[in-house]
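Top to bottom, those sequences are chains H and F. Sequential numbering of the first sequence, starting at 68, is according to my numbering. Sequential numbering of the second sequence, starting at 26, is according to my numbering. Below you'll find the structure, written out as structure tokens, and then a few comments.
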Amino acid sequence: MSADATVLPAGRPVKLGLDRDGLIKRLFMVLIALYLIVTLALPLYAMMSKSFSTYEFELQRYAFQVSDGEGNWGEPVTAAELNARLGLLDEADLASTSDGRLAATELFPDFNFRSPVRYRIRGTVEDAPYLVGLEYHNSREWQEFDSNTFRRINLRPVRSIGVQNYVEYFSTPSLVSSIRNSFFIASVSTVLTVGLAFGFAYAMNRSCMPFKGAFRLIALMPILVPSLLPGIALIYLFGNQGLLKSLMMGHSIYGPIGIIVGSVFFTFPHALIIISTALNISDQRQYEAAEALRTSKWRTFWTVTIPGARYGLVSAVFVTFTLVITDFGLPKVIGGQYNVLAVDIYKQVIGQQNFEMGAVVSVILLVPAVFAFMIDRMVQKKQVALLTARSVPYSPKPKRGFDMACLAWCSLIGLFIVGIIAICQFAALVRFWPYDLSLSLNNYAFNRMDGGGWSAYTNSIQLGLLTAFAGTVVIFIGAYMVEKVQGFAAGRSFFQFLAMLPMAVPGMVLGLAYIFFFNNPANPLHVIYGTMAILVISTITHFYTVGHLTAVTALKQIDGEFEPVATSLRQPFYRLFSRVTVPVCLPAILDISIYLFVNAMTTVSAVVFLYSTETNLASVAVLNMDDAGDIAPAAAMGMMIFYTNAAARLVHAFASRSLLARTQVWRTR
Amino acid sequence: MRHETVNESPGPRAAGDAGGAAASTEPAYLRIDNLWKAFGEFLALKDVSLRIGRGEFVCFLGPSGCGKTTLLRAIAGLDPQSRGTIHQDGRDISALPASRRDYGIVFQSYALFPNLTIERNVAFGLENARRPRAEIRARVAELLALVGLSDQARKYPAQLSGGQQQRVALARAIAISPGLLLLDEPLSALDAKVRIHLRHEIKELQRKLGVTTIMVTHDQEEALSMADRIVVMNHGVIEQVGTPVEIYRHPASLFVADFVGETNKFASRSDAGTVRLGRRTLSMARDDFADGEPLTVAIRPEDVLPQSAGEAASGPNRLAVVIDDMEFLGAFWRTHLSGGDLGDETLIANFSMNAVRRLNLERGASLTIEIPVERVLAFPGEA
């Protein structure tokens, strides 16, 4: 009797009707999910499928018929038979890329465009594409041409699916060696960066050394410049014309040494922020307990400090590793003959126009990036659990010897960072390094150099502003939909997955994927190819995840019951959104926009495949001027990026403060 | 089922009233029929049906996980039920989205908008109704006066105490004059003193406005002191619905007896309208048990009456006992009784200060107690 009462009666679960709010929210979510699918999932898919595509001229698909001078037609013969009979083309000649063309005349060694001989061609199977001039033909009917037209006939390769490209990749030693090189520089740089950053963070958090504020500012400076700028500085110091070349003791800075030193420079702030956060959440009471138990300092360090910061350390390791292995600008500038994966993609695509091989290298680069990303996410989840614990923050006591040691350590690192930037500035202002060290502004006359001139700089600012504005809107609304929409759980977790994905995709891979997807004439979105729009979209997508996480964290701190209250008051959600959610999250929103701006100014990797002559960018100009040997102007442009970002940071800090003062009165009791 | 077609025009109520003249009782304002809620395999509500009258103050009372909040959220349309129907004011709201229902809600967390002043918070629900500004301002002033916060209008929520914030939340919820007021543990986050004060205020306010109100609470004192009727819930079912006095004096189940107030419990067996306690038999008012049926006897500590020394220990429902221990709890003494007629059992009794002084009760003393026949509660099954 009572057993009956505990079984849910059959029937359909009650589903609430959709109101206007629900409709609008779902619409927004679908739109932003669609945005991520179009700008991320589909291009990646296009790239993946490209890496498995091989192109080959299949001669048995074509048949020819040749007449004599009087118009009597000979026997039809397939191209394959012709080739076999004459032994003209071997297998390597028939392998091709998607863009390949094979002149039909290659099969007729005695061809003469002035002869009265006429030619016929037809497909022996359904798919036998060929070009007559620029005109595309694909037919099983005989088509007849005079010899003058026949010389303009090109056979087109046919696509087949397989692992052929990968086989080729792994049997080319010069390509495979890049994998080892990439792992080597990424591993060494990671160890160095994390070690240096841990010492720096430890000094900042656990000592009473002076000038902490200044050190913090200096440590974060590398974020404001493109990753290739330290490469330029190192060339000035240790390159062929370098001031300190003798210090290299015969080793070359062009190669692994340069890449590693430069990587330490540009990854340092990223590692520092993560480790600092981890050290910050340590609990004073644990140290008091250790002291009460008369534990030695050394033992306390290994049993309290390191375990407390272990998640931060692991996370810093993987973030640094990913940054180095996916970086393109620095090895491009200072790598010399030392090949790494990210540069290989560039060389395959830009240098050799071999898009399929570029796609293969991209997929290979994707593997460590995705792997590092997954481990980092797992670790981050645990870190959050630590943060929620209620603890007493650690406050250091002055100890003269220790504090001085910390000061020395931080000063050395500070000197390294400031030195690199100062060298760039100095080189940019010098008339002719190293022979004429008098100062001039000649190197700032960008319009006289290759690389886009001053318009590249204004384009970059435009890109930065557009990315910051559009990106913040898209990212914040997307995060709001994930965090604050009830129901639709499957859709939300799919969206969350899409939003996390960009973090795992290296910029070079994204850029190449965009070529495959957007440069396809069959794609209606082809129109944005070569415009500012595609640069903005790729940059937003490239840096989507960090902004998304910032927004989600801010939104999580907002009471989940605001939405039901507003609904019960019969207010549309967008009113709550604009009147409460956005104002409360304003600090996070400003953080997202400055993050996007700074990265849009410095990024090279995704946009290097996507800019056009009208949309040249400052960061790409640095690369191109360096490539053309205009190293001093490259340094000058790099410094322009630095000053612009520094100014943007100042404006951001000022705007945040005044906005906060005005709109966040409620925070102060 | 009536034959009138039910639609959303004011018609059906008029028709219902006309037809209901013969039925004599006013139709329920909120009618919940056969509500089920499943979270995966877990059933949070099992076939719950309930009627709530217009203007009533009803408390959903029960331990955490009993389904009371689930029921409230189904009524609010925040988490729809899996099966069953809800009618509010004659209108089927079972599948209506929350925005098209008619209620105001107050949460334990207050959920005040931190960046808006108190008056903007209260005005939030009024502002899009194309009302003139002056009217909104007047209404906000009226509401703030109602909850006694007129002088705090320009402050931000963080500048107020918890009790004040909850009153703002209340003012905001009733600003749009909802037909139904839902309170989800509104007092749980507050200090004991503030809680008792606000309890009274909410009840006053509700009486003044006459708004049908449902409050979810796990605090029996809160429910007893505020509700017109209490709905006691456990494991997703309603154990009992009744006035506070009914619930307390005549619990329908052992769970209710145990959850609301304190009880002494004894395992026993039914024997012609009596049960055994220690070495004696007690008569009870209820005699619908089969002989020999296992029972649990429940006796509230305050129903144990101490007798003066002269009275006979052998009357009906009287027992001779010894005082084991006494705890002073301010208003009364909690007294642990054993020995004598209790045999191996122990009994807790609450004796008033006066009784203790008058009868000279102290540790080790013997005395006679009486348990009135109608206060011997018995429930089938063993505890």
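Just so you know, even glycine gets a beta-carbon here, dropped at the ideal spot from N, CA and C.
### Meets three-Cβ-pair contact criterion under 8 Å: the segment 194 to 203 of chain H and the segment 78 to 95 of chain H
No: the two stretches stay apart, fewer than three of their Cβ pairs being nearer than 8 Å.
### Query
At a Cβ threshold of 7 Å, is Phe138 of chain F touching chain H?
Against chain H, the CB of Phe138 of chain F has a partner CB under 7 Å away; the residue lies at that interface.
#### Entry: Contact with chain H by Val130 of chain F, beta-carbon distance below 7 Å
Reading off the sequence, residue 130 of chain F comes out as Ile, not Val. So, interface residue.
### Message
Here's a check: name, in chain order, each residue in its chain whose Cβ is nearer than 7 Å to the Cβ of Thr455 of chain H, leaving out the five neighbours to either side.
### Response
Interpretation of Thr455 of chain H is limited by its pLDDT of 47, a score under 50 that renders its predicted location unreliable; the figure taken from the coordinates is listed afterwards. Closer than 7 Å at the Cβ level, and outside the excluded window around Thr455 of chain H, lies no residue.
### Rounded separation between Phe405 of chain F and Ile239 of chain F - CA only
Strictly speaking, residue 405 of chain F in this sequence is Pro, with Phe absent from that position. One alpha carbon belongs to Pro405 of chain F, the other to Ile239 of chain F, and they sit about 31 Å apart.
### Message
Output needed in chain order: residues of the segment 110 to 123 of chain F with a Cβ under 9 Å from some Cβ in chain H.
### Response
Within the segment 110 to 123 of chain F, Thr110, Ser119, Ala120, Leu121, Pro122 and Ala123 place their CB atoms closer than 9 Å to a CB of chain H, listed in sequence order.
### Query
Which residue or residues does DSSP assign as beta-bridge partners of Ile487 of chain H?
Assignment of beta-bridge partners to Ile487 of chain H by DSSP yields no partner.
### Message
What does DSSP give as the partner residue(s) for Val225 of chain H in the beta ladder?
### Response
Val225 of chain H pairs with H:Glu123.
### Message
Give me the residue from H:Val671, H:Pro224, H:Ile412 and H:Tyr233 with the minimum Cα distance to Leu530 of chain H.
### Response
Scanning H:Val671, H:Pro224, H:Ile412 and H:Tyr233 for the CA closest to the CA of Leu530 of chain H turns up H:Val671.
### Query
Residue range of the beta strand (DSSP E) that Ile255 of chain F falls in?
Looking at the DSSP string, the run of the beta strand (DSSP E) that includes Ile255 of chain F is Arg254 to Asn259.
### Message
Would Leu636 of chain H pass as an interface residue toward chain F - the criterion being a Cβ-Cβ separation below 7 Å?
### Response
Under the 7 Å criterion on CB atoms, Leu636 of chain H is classed as interfacial with respect to chain F.
### Query
DSSP puts Tyr596 of chain H in a beta bridge; with which residues?
Its beta-bridge partners do not exist; DSSP assigns none.
### Task
Output the boundary residues of the alpha helix (DSSP H) element that contains Thr371 of chain F.
Membership of Thr371 of chain F in any alpha helix (DSSP H) is not indicated, and neither H nor E is assigned to it by DSSP.
### Message
Using the Cβ count rule (16 or more neighbours within 10 Å means buried), how would you classify Trp748 of chain H?
### Response
Here chain H has residues from 68 to 736 only, and residue 748 of chain H is not among them.
### Task
Provide the residue(s) that pair with Met251 of chain F in DSSP beta bridges, ordered along the chain.
According to DSSP, Met251 of chain F bridges with nothing at all.
### Contact set between Gly84 of chain H and chain F, taken where Cβ atoms lie within less than 7 Å
In chain order: Ala120, Leu121 and Pro122.
### Query
For the alpha helix (DSSP H) that Glu358 of chain H lies in, which residues bound it at each end?
Its alpha helix (DSSP H) spans residues Gln351 to Ala359.
### Query
So, are the CB atoms of Leu174 of chain F and Gln106 of chain F less than 7 Å apart?
Against a cut-off of 7 Å, the Cβ pair of Gln106 of chain F and Leu174 of chain F comes out as no contact.
#### Entry: Within chain F, partners of Leu75 of chain H - CB distance below 8 Å
Listed along chain F, the residues sitting closer than 8 Å to Leu75 of chain H by beta-carbon distance are Trp61, Ala63, Leu68, Ser107 and Arg108.
### Query
Do the segment 645 to 664 of chain H and the segment 533 to 541 of chain H make contact, defined as three or more Cβ pairs closer than 8 Å?
Put simply, the segment 645 to 664 of chain H touches the segment 533 to 541 of chain H. At least three CB pairs are less than 8 Å apart.
### Query
Cβ of Asp88 of chain H less than 7 Å from any chain F Cβ?
Residue-level contact by beta carbon holds for Asp88 of chain H and chain F, with a gap shorter than 7 Å.
#### Entry: Per-residue DSSP class, three states only, for Asp213 of chain H
Correct three-state label for Asp213 of chain H: strand.
### Message
Using beta carbons (cut-off 7 Å, strictly below), is Ile201 of chain F in contact with chain H?
### Response
Interface residue (Cβ-Cβ distance to chain H less than 7 Å): Ile201 of chain F is classified as such.
### Query
Does any C-beta atom of chain F lie closer than 7 Å to the C-beta of Ala649 of chain H?
Contrary to the premise, residue 649 of chain H reads as Val rather than Ala in this sequence. For Val649 of chain H, the closest Cβ of chain F is not nearer than 7 Å.
### Task
Kindly identify the DSSP beta-bridge partner or partners of Val718 of chain H.
Paired residue(s): none; Val718 of chain H is not in a bridge.
### Query
When you check each C-beta in the segment 558 to 576 of chain H against every C-beta of chain F, which residues fall closer than 9 Å?
Per Cβ criterion, the list is empty.
### Query
By Cβ distance, which residues of its chain are closer than 6 Å to Leu314 of chain H, with the 5 residues on each side in sequence left out?
Shown here for Leu314 of chain H: not one same chain residue has a beta carbon closer than 6 Å to its own, the five before and five after excluded.
### Query
Should His609 of chain H go down as buried or exposed, given a rule of 16 or more other Cβ atoms within 10 Å for buried?
Counting Cβ neighbours within 10 Å, His609 of chain H comes out buried, since at least 16 surround it.
#### Entry: Proximity of Ala439 of chain H and Phe388 of chain H at Cβ, strictly below 7 Å
Against a cut-off of 7 Å, the Cβ pair of Phe388 of chain H and Ala439 of chain H comes out as a contact.
### Query
Given a limit of 7 Å on CB to CB distance, which residues of the segment 605 to 628 of chain H reach chain F?
Within the segment 605 to 628 of chain H, those residues whose Cβ lies closer than 7 Å to any Cβ of chain F are, in chain order, Asp626 and Glu628.
### Query
In angstroms, rounded to a whole number, what distance separates the CA positions of Thr682 of chain H and Met288 of chain H?
Looking at the two C-alpha atoms, the distance is approximately 27 Å.
### Task
Could you list which residues in chain F have their beta carbon closer than 9 Å to that of Arg642 of chain H, in chain order?
Those within 9 Å of Arg642 of chain H in chain F are Phe149, Glu152 and Asn153.
### Message
Going residue by residue through the segment 260 to 314 of chain H, where are the continuous alpha helix (DSSP H) segments of at least 4 residues, counting only ones entirely within it?
### Response
Runs of the alpha helix (DSSP H) inside the segment 260 to 314 of chain H: 279 to 287 and 296 to 305.
### Message
Do Ala374 of chain F and Val300 of chain F count as a contact pair if the criterion is CB distance below 7 Å?
### Response
Contact: no.
### Task
Could you please tell me which residues of the segment 66 to 94 of chain F, in chain order, have their CB closer than 8 Å to any CB of chain H?
Residues of the segment 66 to 94 of chain F that bring their beta carbon within less than 8 Å of a beta carbon in chain H comprise Leu68, Lys71 and Asp72, in sequence order.
### Task
Starting from the C-beta of Ala315 of chain F, find all residues in its chain whose C-beta is less than 8 Å away, skip the five residues before and the five after it, and write them out in chain order.
Within the same chain, Cβ atoms closer than 8 Å to the Cβ of Ala315 of chain F are found at Ser295, the five residues on either side in sequence being excluded.
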